Amino acid sequence: YFCHPYSSHERGLNENTNGLIRQFFPKGSSFKHVTQQEVLAVQNNLNHRPRKALGYKTPAEVFYGSIMKTQISA
Numbered sequence: 024y025f026c027h028p029y030s031s032h033e034r035g036l037n038e039n040t041n042g043l044i045r046q047f048f049p050k051g052s053s054f055k056h057v058t059q060q061e062v063l064a065v066q067n068n069l070n071h072r073p074r075k076a077l078g079y080k081t082p083a084e085v086f087y088g089s090i091m092k093t094q095i096s097a
């Protein structure tokens with residue numbers, strides 16, 4: 024996967040995810056005192072938030088659905 028430097032329009036989903044993370048950790052935030060528990064809470068929140076790009080399914084639903092398909096066909 025290749026993107027040109029300073030071309031955020033080439034990686035829209037990544038930029039959208041960065042914006043979602045910024046809801047929890049605003050730009051300029053220091054991560055020096057952010058705990059692993061706080062990071063995991065944000066991760067859990069984002070992985071269970073419906074995404075338009077995934078047909079309004081959550082990343083967790085898509086991931087586990089893929090795992091189930093793989094196990095069934097194996």
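Quick note: the sequence shown uses this note's numbering, first residue 24, plus one each step. Positions of the beta carbon are idealized from the N, C-alpha and C atoms, including for glycine. Just so you know, these numbers come straight off a predicted model, no measurement behind them.
Unbroken alpha helix (DSSP H) runs of length 4 or more, entirely within the region 36-90: which are they?
59-70
Since residue 72 and residue 58 should fall inside the 8 angstroms C-beta cutoff, what is the C-beta to C-beta distance between them, to a whole number of angstroms?
With a Cβ gap of about 21 angstroms, residue 72 and residue 58 do not count as contacting.
Once you ignore the five residues that flank residue 46 on each side, which residues in its own chain have a CB closer than 7 angstroms to its CB?
none
Tell me which residues share the same chain as residue 49 and place their Cβ nearer than 7 angstroms to its Cβ, disregarding the 5 neighbours each side in the sequence.
none
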